[in-house]
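Here's the structure we're looking at; comments come further down.
In full-length UniProt numbering, the protein residues as written are 1 to 187.
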């Protein structure tokens with residue numbers, strides 16, 4: 001469990017990143033959080049540790065949103081619907097992307113919690129569709145919906161809803177009309 005000071009430092013860095021549109025220095029985080037540089041480095045000995053912890057904290061929020069959606073919908077629907085974030089969630093994804101870019105620049109690839117999320121999501125989608133290729137397509141469509149939202153060019157709601165319905169039908173198996181047309185074309 002995170003200490004209150006650690007959580008406060010991370011939340012401060014998140015807010016500074018959103019306001020400035022870029023990652024703040026460790027000195028700026030310490031000052032804004034009201035801790036000394038030594039207090040900051042007690043919790044986060046270096047910038048990569050701070051970035052990784054921020055990705056972990058913010059990523060947990062986005063994962064919780066997805067898990068709540070999964071309680072009332074199939075995995076594909078939950079993933080595609082949560083891939084179109086509201087404005088607060090957009091801020092969180094901006095922070096995650098900004099941290100990842102800085103981590104990549106420092107030679108750090110990936111993050112264990114994100115990697116685990118992708119593996120779990122892929123397994124769940126594969127189980128839902130019975131096809132790993134279809135699972136990959138749904139995951140990439142969700143990633144595209146998210147990227148378009150973050151870039152300020154969200155897919156229009158009508159098209160997004162049609163995509164979600166398309167994959168929901170595909171997950172529930174072939175319909176009689178699809179089965180008969182497939183049978184006819186193979187005869």
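Yeah, the Cβ is synthetic: ideal placement off N, Cα and C, and Gly gets one too. Computed from a predicted structure; not experimentally measured.
{"Query": "Taking only three categories from DSSP, how would you classify residue 109?", "Result": "coil"}
{"Query": "Of the choices 157, 118 and 150, whose alpha-carbon is the least far from that of residue 140?", "Result": "118"}
{"Query": "Any contact of the stretch 15-30 with the stretch 95-113, i.e. 3+ C-beta pairs under 8 Å?", "Result": "yes"}
{"Query": "Here's a check: name, in chain order, each residue in its chain whose Cβ is nearer than 8 Å to the Cβ of residue 59, leaving out the five neighbours to either side.", "Result": "96, 111, 113, 114 and 117"}
{"Query": "By alpha-carbon positions, which one of 5, 51 and 34 ends up nearest to residue 109?", "Result": "51"}
{"Query": "Determine the DSSP secondary structure at residue 153, reduced to helix, strand or coil.", "Result": "coil"}
{"Query": "Note down the Cα distance separating residue 107 from residue 40, rounded to an integer number of angstroms.", "Result": "23 Å"}
{"Query": "For residue 6, tell me which candidate among 170, 18 and 44 has the shortest Cα-Cα distance.", "Result": "44"}
{"Query": "Please state whether DSSP places residue 147 in a helix, a strand or coil.", "Result": "helix"}
{"Query": "From what residue to what residue does the alpha helix (DSSP H) around residue 25 run?", "Result": "Counting along the chain, residue 25 falls outside any alpha helix (DSSP H), and DSSP gives it neither H nor E."}
{"Query": "According to the neighbour-count rule (16 or more other Cβ atoms, all chains shown, within 10 Å of its Cβ), is residue 85 buried or exposed?", "Result": "buried"}
{"Query": "Quick check: the Cα distance between residue 124 and residue 31, rounded to an integer number of angstroms?", "Result": "43 Å"}
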